[in-house]
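Q: Dropping a structure here in C-alpha cells format, bear with me for questions.
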Amino acid sequence: MSRAAIFKKIEAATSALKNRTARPDHAATITDAAPRLEGLDLLEIFARNMAKVNGRTMRSVAELTAFLTSTGQRHGYCDPALYPHIGAPLAAAGLGIETEYDRSRYDDYQFGITRASGAIAESGTLILDDDGTSRRLAALSPWTHVAVLERAAIHRSIADALAAMGESPNIIWVTGPSKTADVEGILIEGVHGPGEQIALVL
Amino acid sequence: MFGTQLIDSYARHISDEKQASVLNGASSGTEKRYEVLHRDYADPDALRRLAGSIKDHTLHHLGAYLSQAEQALTERGVQVHFAETDDDARQTILAILRQHEVTRLTKSKSMAAEEIHLNPFLIENGIECLESDLGEFIIQLDDDIPSHIVKPIIHKNRRGIARTFLREGVAADYNDDPATITRRARVFLREKYMHAQACITGANFLCADSGRIVIVTNEGNSRFGMAPVPLHIALVGIEKLIPGERDLAVFLNLLGRSATGQQLTVYTEFINGPRSATQADGPEQMHVVFLDNGRTNVLASNCREILRCIRCGACQNVCPIYRQASGHAYRSPYGGPIGAVLSPLLFGDRFAEFADLPKASTLCGACKEVCPVDIPIPDLLLRLRDKAKREAIPSPAAIPMAPFATLATSPTLWRGAMRMSKAMNYLPLEIAPIKPLQDWLGQRTLPPSKGGDFRKWMKSRKKTEDRRTLRSQTED
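Chains as they are written, first to last, in this note's numbering: chain A, 220 to 421; chain B, 33 to 508.
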C-alpha cells in the first residue's frame, strides 16, 4: 500500500521539476587528501596514517608476541587458518591460543587474531569482510584486535578501495580503535569494540 | 506571551551549566571541522558543491533510484518494506519483531527512529529496546531527548552522567571519570548485545547500484549489536539514497570531517544482505524499511534542498542561536538550522507549531558555509518565513513590529519618524508600562538613535556627485 503511494508522490513531485540536475561526473582523485598520501611506499603511508588514529602496525609475529607479553595479554583467539604461521608461534611463547570462539565466554579473550581482506593507505583503515573474517565477534569483543594483512592488499586511497569493493554482503572499514567523545568531548578508546587495533602486515 | 517566541523563552530559561556544555561542545566541533577540512583539501568548497549536486541529482530522479535500490536489495535476499507515515513504520517494524518473537533488542543511533518515536512505542508493546550508542544510552536512562544530531548529550556533563549511572544501577558507586563511565557502559551493554534477539539500525547512505546500506559509528555499537543476533532491521529515510558506491568517496570524506573533525569515522559498515554462508556471526535475515513520513511533501515543496542533508551537525555547531538556546529549544529530534527548516516541513500538519523556528536565525549564513552538501539554509529559512506569512500564522513578534511595518512602507511617515526618533533617546522606554514593548526590549539593547543622519549624508553625497558629473562633462 505504502509503496505505491510513495512512488506516486515522488513521481508527482519530480515530474513537475523544470530543471533536473544531471549526474555530476567527477574525477576519482577529487577526494584524495594530498597531505595524507605523501610518500611512495603504500605500507609506509598506511602505517603513518594508522598511527594518527592510534592504531599500531607490526611487521612480524615476534613483534606481536613481544607486545602481547609486555602488556600482560596471555589468552586469545586465532583464526584456525592463521594458526600455523601466527597462533602456533604465540602458543610456543607460552600464550593461550584458542581456535574456536565460544560466544558464552565473550569476555574471556584478551586478543583476537583474524584476517583483513584489505587496507587503505590514505586513512590507515583496515577492511574486514564476511568471507575473510573467521568470526565477527572475535574481531570485536577482545580488547586487542590483530588484523592480519597482506602487503599487496593495501589500496592507495578511499576512492580506490570503493572501486574494488567486491561482492561480500558485509564489509566493515575499521579506522583505529573503537572510540567515543560523548562525555564532554573527551576522547576515550575501547567503548564497545577493541581499545587496541593492530595491523600485522606480512 | 506577546513579543516572545517559544524558542526565545527556551533560550532565556536554559541553565548556565547546560549552556556552557552546549557552547563548549559546539564551538570545539566547529574548530576541528575547519582544521581538518582545510588541511586536507585545497578547495573544500568544490567538494561541498559536488556533494550537493550529487544529492540534488538523486532527489530529482528519486523514483528511479529508489526502485533500483529495492531491486538490488531484493535480489540479495533482503526484505524491503515501505512506510508512508510514522505509524506505518512503527507497525511494520513491530510486525517483523512479533513474527520473530523478539522481546529484547538493541538499537544503534538513528535519527529516523527518533523522528518516529520508535523506542517508546516498542517498549509500550512489551519489547525491551535498548539504545547502544553511549550518548543515546544515557539519554534513554534519563528519559531525556537528544539535543544534537551527532553528540546527543552535548548538553550534559560528567557529574550528571555519573549520578544517572548510580541511580539506574549501571554502576555501584559514584565515579565521574569519563574513562570509568565508558568502561561501565561497555560492560553493561555487552551483556545486552549478547542476549538480544534483534538489532535495529538507521543508515547514513544507501547506494542504489549495489543496495549497500552504509552505517558509520565511532563506538562500534551497530557492529556489536548485529554480530550476535539473527535479525537486522534498518530504518532508512528515502532521502538517504545516492546513485552508486563511487559517490561514497565524496560523502564519507565530508561526513567524518564535518561531523567530528575525523577523516573517516572509525567504523564504516557496508551491508546488502544477510551474513555470508561461511560466517558464524551476524543476522540471517535483513529487512530494510524505507520511510517517507513527509519527505515526499518536502520534495514537492520549494524547500526540497533540505533533503540533501547528511545529518552531520556542522550547522548546529556553528549556529549562534543553537549555541545559546541548545537543541532542545527546537522541540524535535532536529535542532539548530537544519531543524529550523526540517521540522516545520517534515511535520507539515503541525506547521504552525514550528513556524517560530525559521525566525530564530540572524541569517548570518554560517550554516550554509559549513554545510557539506551546500544547502542554502538561509534562503530556505526565508521561504518558510514567507510561507508562515502567507498562511497568516500569528507571530508574537507581529504586535511590537506592526508599527514598524507601517512606518517602513510609507516614505513620508518614515521621514517624520526619523526626525522624531532622537526624542526616544530621552524617553524612559525601559520603564514604560507597555507589556509587548517590555518583552521586546527585554531581549534587546537599543543604540542611541541618530535618526535622519543617513538621509542627510545621502543627499549631500548626491549633490557632490552631480557637481562632479557636470564638471567632467564640461571638460569633455
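By construction, the Cβ of each residue, glycine as well, lies at the ideal position given by its N, Cα and C atoms.
Determine the chain A residues that contact B/Asn157 at a beta-carbon separation under 7 Å, and present them in chain order.
A: As a position in the second sequence, residue 157 of chain B is number 125, starting the count at 1. Near B/Asn157 there are no residues of chain A at all, since even the closest Cβ is about 20 Å away, more than 7 Å.
Q: Excluding five sequence neighbours on each side, which residues of the same chain lie with their C-beta closer than 7 Å to the C-beta of B/Glu337?
A: Here residue 337 of chain B corresponds to residue number 305 of the second sequence, with the count starting at 1. The residues are Ile407, Pro408, Leu412.
Q: Hey, does A/Phe226 have any beta-carbon neighbour from chain B nearer than 8 Å?
A: Taking the first residue of the first sequence as position 1, residue 226 of chain A is located at position 7. Yes, A/Phe226 lies at the interface with chain B (some Cβ there is under 8 Å from its Cβ).
Q: Can you find the residues in the same chain that come closer than 6 Å, C-beta to C-beta, to B/Leu173, ignoring five residues on each side of it along the sequence?
A: Position 141 of the second sequence, counted from the start, is the residue given in the question as residue 173 of chain B. Once the five neighbours on either side are set aside, the close Cβ partners of B/Leu173 are Thr196, Glu200.
Q: Taking buried to mean at least 16 other C-beta atoms within 10 Å of its own C-beta, is B/Asn334 buried or exposed?
A: Translated into positions along the second sequence, residue 334 of chain B becomes position 302. Flag for B/Asn334 reads exposed.
Q: Looking at the unbroken alpha helix (DSSP H) that takes in B/His180, where does it start and where does it end?
A: For the purposes of this step, residue 180 of chain B is taken as the residue at position 148 of the second sequence. That residue, B/His180, is in no alpha helix (DSSP H); it is neither H nor E in DSSP.
Q: If you compare alpha carbons, which of A/Phe265, A/Leu421, A/Asp350, A/Gly315 is closest to A/Gly385?
A: Locating residue 385 of chain A in the first sequence gives position 166, where the first residue counts as 1. Comparing Cα positions, the closest option is A/Asp350.
Q: Who pairs with B/Leu173 in a beta bridge, going by DSSP?
A: In the second sequence, counting from the first residue as 1, residue 173 of chain B sits at position 141. In DSSP, B/Leu173 forms no bridge with anything.
Q: To which residues of the same chain is B/Pro178 closer than 8 Å at the C-beta, ignoring the five residues directly before and after it?
A: Numbered from 1 along the second sequence, position 146 holds the residue referred to as residue 178 of chain B. Within the same chain, B/Pro178 has close Cβ partners Glu146, Gly167, Glu168, Ile171, Pro184, Ile185, Gly359, Pro365.
Q: Compare the C-alpha of A/Ser353 against each of A/Leu421, A/Asn389, A/Asp298, A/Leu256 and name the closest.
A: In the first sequence, residue 353 of chain A corresponds to position 134, counting from 1. Measuring from the Cα of A/Ser353, the nearest candidate turns out to be A/Asp298.
Q: With C-beta atoms as the reference, is B/Ala144 less than 8 Å away from B/Leu267?
A: By 1-based counting over the second sequence, the position of residue 144 of chain B is 112. By 1-based counting over the second sequence, the position of residue 267 of chain B is 235. Yes, the pair counts as a contact, with Cβ atoms nearer than the cut-off.
Q: In its own chain, which residues sit with a C-beta less than 6 Å from the C-beta of B/Ala240, not counting the 5 before and 5 after it?
A: In the second sequence, the residue the question calls residue 240 of chain B occupies position 208. If we look at B/Ala240 and ignore the five residues flanking it on each side, its Cβ neighbours are Tyr97, Gln100, Ala101, Leu273, Pro275.
Q: Name, in chain order, the residues that DSSP records as bridge partners for B/Trp489.
A: The sequence position of residue 489 of chain B within the second sequence is 457, counting from 1. B/Trp489 is not bridged to any residue.
Q: Quick one: residues in its chain with C-beta nearer than 6 Å to the C-beta of B/Glu271, no 5 flanking neighbours on either side, listed in chain order?
A: Position 239 of the second sequence, counted from the start, is the residue given in the question as residue 271 of chain B. Answer for B/Glu271: Arg327, Leu339, listed in chain order.
Q: I'd like to know if B/Phe34 contacts chain A, where contact means its C-beta is closer than 8 Å to some C-beta of that chain.
A: Here residue 34 of chain B corresponds to residue number 2 of the second sequence, with the count starting at 1. Note that B/Phe34 scores a pLDDT of 47, beneath 50, so its modelled location is shaky and nothing firm can be said.
Q: Which same chain residues, not among the five before or five after A/His411, have their C-beta less than 6 Å away from its C-beta?
A: On the first sequence, residue 411 of chain A is found 192 positions in, with the first residue counted as 1. Result list for A/His411: Ser397, in chain order.
Q: Using a 10 Å radius around the Cβ and a threshold of 16 neighbouring Cβ atoms, would you call B/Ser375 buried or exposed?
A: Sequence index remark: in the second sequence, residue 375 of chain B carries index 343 (1-based). With 16 or more other Cβ atoms within 10 Å, it is buried.
Q: Answer yes or no: does any C-beta atom of chain B fall closer than 8 Å to that of A/Gly404?
A: Taking the first residue of the first sequence as 1, we reach residue 404 of chain A at position 185. Closer than 8 Å: yes.
Q: Within its chain, find whatever has a CB closer than 7 Å to the CB of B/Pro306; leave out the 5 residues flanking it on each side and keep chain order.
A: Mapped onto the second sequence, residue 306 of chain B falls at position 274. So the list reads Gly109, Pro315, Glu316, Gln317, Met318, once near-sequence residues are dropped.
Q: With DSSP collapsed to three states, give me the class of B/Thr233.
A: Translated into positions along the second sequence, residue 233 of chain B becomes position 201. Strand at B/Thr233.
Q: Going by CA-CA distance only, name the one from B/Lys421, B/Ser393, B/Ala58 that's closest to B/Pro410.
A: Position 378 of the second sequence holds residue 410 of chain B. If we check each option's Cα against that of B/Pro410, B/Ser393 comes out closest.
Q: To the nearest angstrom, how far is the alpha carbon of A/Asp327 from that of A/Ala357?
A: Locating residue 327 of chain A in the first sequence gives position 108, where the first residue counts as 1. Locating residue 357 of chain A in the first sequence gives position 138, where the first residue counts as 1. Roughly 11 Å between the two C-alpha positions.
Q: Could you compute how far the alpha carbon of A/Ile407 sits from the alpha carbon of A/Ala400?
A: Sequence index remark: in the first sequence, residue 407 of chain A carries index 188 (1-based). Sequence index remark: in the first sequence, residue 400 of chain A carries index 181 (1-based). Each residue's alpha carbon lies about 6 Å from the other.
Q: Taking only runs of the beta strand (DSSP E) that begin and end inside the region 88 to 152 of chain B, which ones reach a length of at least 3 residues, in chain order?
A: Taking only runs of at least 3 residues, the beta strand (DSSP E) segments lying wholly in the region 88 to 152 of chain B are 111 to 115, 136 to 139.
Q: Which partner residues does A/Thr344 have in the DSSP bridge list?
A: The residue given as residue 344 of chain A occupies position 125 in the first sequence. Per DSSP, A/Ile339.
Q: Which whole-angstrom value describes the C-beta separation of B/Leu287 and B/Pro404, a residue pair presumed to lie in contact below a C-beta threshold of 8 Å?
A: For this step, residue 287 of chain B is matched to residue 255 along the second sequence. For this step, residue 404 of chain B is matched to residue 372 along the second sequence. Contact flag correct, Cβ pair sits at about 7 Å.
Q: Any C-beta of chain B sitting closer than 8 Å to the C-beta of A/Tyr328?
A: Residue 328 of chain A sits at position 109 when you count from the first residue of the first sequence. Not one chain B Cβ lies under 8 Å of A/Tyr328.
Q: Cβ of A/Thr250 within 8 Å of Cβ of A/Ala266?
A: Indexing the first sequence from 1 puts residue 250 of chain A at position 31. Indexing the first sequence from 1 puts residue 266 of chain A at position 47. The answer is no: Cβ separation not under 8 Å.
Q: Can A/Glu341 and A/Arg293 be called in contact, C-beta distance under 8 Å?
A: In the first sequence, the residue the question calls residue 341 of chain A occupies position 122. In the first sequence, the residue the question calls residue 293 of chain A occupies position 74. No. Outside cutoff.
Q: Whose CA, out of B/Ile125, B/Ile181, B/Ile265, lies closest to the CA of B/Ser348?
A: As a working mapping, residue 348 of chain B is identified with position 316 in the second sequence. What sits at residue 348 of chain B in the sequence shown is Gln, not Ser. Per the Cα distances, B/Ile181.
Q: Would you kindly check if the distance between the Cβ of B/Ala387 and the Cβ of B/Ala357 is under 8 Å?
A: Indexing the second sequence from 1 puts residue 357 of chain B at position 325. Indexing the second sequence from 1 puts residue 387 of chain B at position 355. It is not a contact, given that the beta carbons lie outside the stated cut-off.
Q: Applying the 10 Å Cβ sphere with the 16-neighbour rule, what's the burial state of B/Asn250?
A: Locating residue 250 of chain B in the second sequence gives position 218, where the first residue counts as 1. It is buried - the Cβ of B/Asn250 has at least 16 other Cβ atoms within 10 Å.
Q: Alpha carbon to alpha carbon, what distance is there between B/Pro390 and B/Arg499?
A: Residue numbering aside, residue 499 of chain B sits at position 467 when the second sequence is read from its first letter. Residue numbering aside, residue 390 of chain B sits at position 358 when the second sequence is read from its first letter. If you take the alpha carbons of B/Arg499 and B/Pro390, they lie about 47 Å apart.
Q: Kindly indicate which three-state DSSP category B/Gly525 falls into: helix, strand or coil?
A: Shown here, chain B extends from 33 to 508; a query on residue 525 of chain B therefore has no answer.
Q: Using a cut-off of 8 Å between C-beta atoms, extract the partners of B/Ala211 located in chain A.
A: To locate residue 211 of chain B, count along the second sequence from 1; it is residue 179. Residues of chain A passing the Cβ test: Ile407.
Q: Could you tell me which of B/Ala440, B/His92, B/Ala372, B/Ile265 sits nearest to A/Ser234, measuring between CA atoms?
A: Locating residue 234 of chain A in the first sequence gives position 15, where the first residue counts as 1. Residue B/His92 is the option with its Cα nearest to A/Ser234.
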